[in-house]
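Residue numbers 54 to 510, in the working numbering, belong to the letters of the sequence shown in order. Below: the structure, in structure tokens.
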Amino acid sequence: MEQKSPFYSRPQSEGRIYFIETFGCQMNVRDSETAAGLLETLGFYRGTDKENADLILFNTCCVRDHAEKRVFGNIGALKELKDENPNLIIGVFGCMMQQQEVAEKLYKRFPFVDIVFGTNLLSRLPAFVESAESGSRTLAVDEQNIQIEDDLPSIRTGKINAFVNINYGCDNFCTYCIVPYVRGRERSREMAAIAEEAKTLVDEGYSEITLLGQNVNSYGKDLKDASFAKLLALISKVEGLERIRFMTSHPKDLTDEMIDAMASLSNVCHHVHLPMQSGSNEILKQMNRKYTRELYLKIVEKLHAAMPDVELTTDIIVGFPGETEEDFLQTLDLVERVGFASAFTFKYSPRKGTRAATMEEQVPDIVKRERLHRLNELQEQKSRENNEKYIGVTGIVHIEDCDTRHDPVCYGKFPNFKMVYFAGTPDLVGSYVPVQITNVRKNSLFGRIAETEETSI
Ligand code: SF4
54 MEQKSPFYSR PQSEGRIYFI ETFGCQMNVR DSETAAGLLE TLGFYRGTDK ENADLILFNT
114 CCVRDHAEKR VFGNIGALKE LKDENPNLII GVFGCMMQQQ EVAEKLYKRF PFVDIVFGTN
174 LLSRLPAFVE SAESGSRTLA VDEQNIQIED DLPSIRTGKI NAFVNINYGC DNFCTYCIVP
234 YVRGRERSRE MAAIAEEAKT LVDEGYSEIT LLGQNVNSYG KDLKDASFAK LLALISKVEG
294 LERIRFMTSH PKDLTDEMID AMASLSNVCH HVHLPMQSGS NEILKQMNRK YTRELYLKIV
354 EKLHAAMPDV ELTTDIIVGF PGETEEDFLQ TLDLVERVGF ASAFTFKYSP RKGTRAATME
414 EQVPDIVKRE RLHRLNELQE QKSRENNEKY IGVTGIVHIE DCDTRHDPVC YGKFPNFKMV
474 YFAGTPDLVG SYVPVQITNV RKNSLFGRIA ETEETSI
């Protein structure tokens, strides 16, 4: 599998150029990296803008609010480019195109789009492109074909952190979520294949990886003698791997074994993205989340007991159908008790094809907006409080980048995911540097390079 450096950029005179626009989560980012790898096997090179591309690919997401409207708007805007350059190939894929009805609608509405295909058929991208080159259009959605293909080429885009898929799909069927319908049932990659990929990434220069899955905690349930804790133990032995991150964790599957693995393996980072969604047991039941607020709090307690420096981030939905003021107050109460470092907060919005979309008692938008506002105010206060505890703390930052527009400012994360900014130089990017925190803002920590390697987190 030939890999080019993530920093590789070709002079545009060398050949055909592709441009990929990605919507949605890290899983989609990883799929786009695979699409890039496949296109480069065809001789395409990565470009930086649509205007100069010979091939434009949109990787769509169906999870976010108004996703369909946005994607259709973006595709419509490409007509002008196609009129100027009839040889331009335009393709649309991703989980939104895994929905047959939406894929057909897009294919019909935009005759200038050459390729429309669902995520599950990503490995066939080279054949679709060849077909487009010979003048044929493709519409391909295959809901059955969901096997795992471990050996597809890919071009990583992360400078210091590489995404590694460990499982695909989801079996949880939360009532608001479309993912199980478009990404299929859970399938885990073999532990050995994941460890092999981690070794290859270290050889390519990465020392930090993020293990990806819709629910990493249930990794291995479809394999023999595998679990997420065992996977962490195996990967942690890869020489040269300094930091192992993962997301997303489902509270119902977060085991004591996994907490022990996190606490005892020195290169597993102490951060858990643990979607809470609601603090009301009644709403959690309606969401089919399969845990209670009491269980959620118990897990949080165990995580803190095992790792005093652990940071938790979360996702919260307000205004789920049937959510009363009392339910919402329970959410605020749980946010208050847990003290998340940060939270992605959303107003509930119905997704066609999900159970929640047909539930009665949809909450009026004005109420959702007002609740979201109150929730965000509380979370901002909690984030600020959380940040304040870092004043004077020294930790090791893995430097992601350096902004040189004014006085150079480097930034990167502590192991527990806290983002840190400090005065530094671009040659530090990729290295691990001790930084002592001197002041904080709502979302970030600011510090200076510490004179000592002694760290407190
Ligand atoms: S766990 Fe629930 S919210 Fe997450 S992907 Fe699966 S169904 Fe969707």
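Even for Gly, the Cβ is constructed at its ideal location relative to N, Cα and C.
If you scan the region 426-467 from start to end, which runs of the beta strand (DSSP E) of 3 or more residues do you find wholly inside it? The region 426-467 contains these whole beta strand (DSSP E) runs: 447-456, 462-466.
Among R296, S280, G273, nearest to N320 - alpha-carbon criterion: What you label residue 320 is simply residue 267 of the sequence shown in a count that begins at 1. Selected option, being the one with the closest Cα: R296.
Kindly provide the ranges of any alpha helix (DSSP H) runs that are 4 or more residues long and lie completely inside the region 228-286, ordered along the chain. 232-236, 244-256
Using the rule of at least 16 other Cβ atoms within 10 Å of the residue's Cβ for burial, across every protein chain shown, is R424 buried or exposed? Position 371 of the sequence shown, counted from the start, is the residue given in the question as residue 424. If you draw a 10 Å sphere on the C-beta of R424, you find 16 or more other C-beta atoms in it, and that means buried.
Got a sec: does the ligand SF4 put a non-hydrogen atom nearer than 7 Å to the Cβ of H326? The sequence position of residue 326 within the sequence shown is 273, counting from 1. It does not: the Cβ of H326 is nowhere closer than 7 Å to a heavy atom of the ligand SF4.
Using only the alpha-carbon positions, how far apart do L178 and Q489 sit? Taking the first residue of the sequence shown as position 1, residue 178 is located at position 125. Taking the first residue of the sequence shown as position 1, residue 489 is located at position 436. Those two C-alpha atoms are separated by around 47 Å.
So if I measure from each beta-carbon to every heavy atom of the ligand SF4 and keep distances below 6 Å, which residues remain? Cβ atoms closer than 6 Å to the ligand SF4 belong to C223, N225, F226, C227, C230, V232, P233, Q267, N268, H303.
If you follow the alpha helix (DSSP H) that R162 is in, where does it begin and where does it stop? Within the sequence shown, residue 162 is the residue found at index 109, counting from 1. Judged by DSSP secondary structure, R162 falls within the alpha helix (DSSP H) whose first and last residues are 153-162.
Roughly how many whole angstroms lie between the Cα atoms of S184 and V166? For the purposes of this step, residue 184 is taken as residue 131 along the sequence shown, with counting starting at 1. For the purposes of this step, residue 166 is taken as residue 113 along the sequence shown, with counting starting at 1. C-alpha of S184 to C-alpha of V166: approximately 13 Å in a straight line.
Below 6 Å CB to CB, which residues in the same chain sit around R63 once its five sequence neighbours on both sides are set aside? Residue 63 sits at position 10 when you count from the first residue of the sequence shown. For R63, the predicted structure reports a pLDDT of 44, less than 50, and the residue's modelled location is therefore unreliable. The matter cannot be settled from this model.
With a Cβ-Cβ cutoff of 8 Å, do A476 and P487 count as a contact? Along the sequence shown, read from residue 1 onward, the residue named residue 476 stands at position 423. Along the sequence shown, read from residue 1 onward, the residue named residue 487 stands at position 434. It is not a contact, given that the beta carbons lie outside the stated cut-off.
When you compare each of L382, E292, C230 to M340 by their alpha carbons, which one comes out closest? Numbered from its first residue, the sequence shown carries residue 340 at position 287. Checking every option, the nearest Cα to that of M340 belongs to C230.
Counting pairs of beta carbons, one from the region 69-88 and one from the region 210-218, are three or more of them closer than 8 Å? Yes, they touch.
Under 8 Å: do the region 136-150 and the region 100-109 share three or more Cβ pairs, one atom per stretch? Output reads yes: the region 100-109 touches the region 136-150.
Report the three-state DSSP secondary structure of M311 (helix, strand or coil). The residue labelled residue 311 in the question sits at position 258 within the sequence shown. Here M311 sits in helix by DSSP.
Can Q267 and G222 be called in contact, C-beta distance under 8 Å? Translated into positions along the sequence shown, residue 267 becomes position 214. Translated into positions along the sequence shown, residue 222 becomes position 169. Yes, they are a contact pair.
Where E413 and C463 are concerned, what is the direct C-alpha to C-alpha distance, given to the nearest angstrom? Your numbering for residue 413 matches position 360 in the sequence shown. Your numbering for residue 463 matches position 410 in the sequence shown. A straight line joining the alpha-carbon of E413 with that of C463 spans about 50 Å.
For R298, I'd like the list of residues in its chain whose CB is within less than 6 Å of its CB, leaving aside the five on either flank, ordered along the chain. Your numbering for residue 298 matches position 245 in the sequence shown. These residues qualify, in order along the chain: T263, C322.
Let me know the secondary structure DSSP gives F72 once reduced to three states. On the sequence shown, position 19 is the one that residue 72 refers to. F72 falls in the strand class under three-state DSSP.
Does DSSP put Y485 in a helix, in a strand, or in coil? Residue mapping note: residue 485 aligns to position 432 of the sequence shown, counting from 1. Strand, per DSSP.
Counting only runs that start and end within the region 317-394, where is the alpha helix (DSSP H) found for 4 or more residues in a row? 334-339, 346-359, 378-391
Tell me which same chain residues have a C-beta within less than 6 Å of the C-beta of T345, skipping the five on either side of it? As a first step, residue 345 is located in the sequence shown; it is residue number 292 there, counting from the start. Result list for T345: N334, in chain order.
From A180 to N225, what distance separates their C-alpha atoms? Within the sequence shown, numbered from 1, the residue matching residue 180 stands at position 127. Within the sequence shown, numbered from 1, the residue matching residue 225 stands at position 172. Cα to Cα, A180 sits roughly 33 Å from N225.
Within a Cβ cutoff of 8 Å, which residues of the same chain sit near D195, ignoring the five residues on either side of it in sequence? On the sequence shown, position 142 is the one that residue 195 refers to. So the qualifying residues of the chain are G171, N173, L174.
Give the DSSP-derived three-state secondary structure of F181 in the structure shown. Mapped onto the sequence shown, residue 181 falls at position 128. Helix at F181.
Give the single residue among S289, S241, D278, V235 whose Cα lies nearest to the Cα of S260. As a first step, residue 260 must be located in the sequence shown, where it is residue number 207. Comparing Cα-Cα distances from S260 to each of S289, S241, D278, V235, the minimum goes to S289.
Inter-stretch contact at 8 Å, needing at least 3 Cβ pairs: the region 404-411 / the region 383-395: no
Taking the C-alpha atoms as reference points, what is the distance between L348 and D386? Sequence index remark: in the sequence shown, residue 348 carries index 295 (1-based). Sequence index remark: in the sequence shown, residue 386 carries index 333 (1-based). One C-alpha to the other measures close to 15 Å.
Are the region 240-248 and the region 123-133 in contact at 8 Å, needing three or more beta carbon pairs? no
N- and C-terminal bounds of the alpha helix (DSSP H) containing G129: The residue given as residue 129 occupies position 76 in the sequence shown. Run containing G129: 120-129, per the alpha helix (DSSP H) assignment.
Where L192 falls: helix, strand or coil (DSSP): Counted from its first residue, the sequence shown places residue 192 at position 139. Here L192 sits in strand by DSSP.
Comparing C-alpha positions only, which one of L356, F397, N440 sits nearest to T491? Along the sequence shown, one-based indexing puts residue 491 at 438. With distances taken between Cα atoms, T491 lies closest to N440.
Assigned secondary structure, I490 (DSSP; H/G/I helix, E/B strand, else coil): Start at 1 with the first residue of the sequence shown, and residue 490 comes out as number 437. Three-state result, I490: strand.
Is the beta carbon of H324 closer than 8 Å to that of N469? Position 416 of the sequence shown, counted from the first residue, corresponds to residue 469. Position 271 of the sequence shown, counted from the first residue, corresponds to residue 324. Yes. Within cutoff.
Counting only beta-carbon separations shorter than 8 Å, does V450 have a partner in chain B? This model lacks chain B altogether; it includes just one protein chain.
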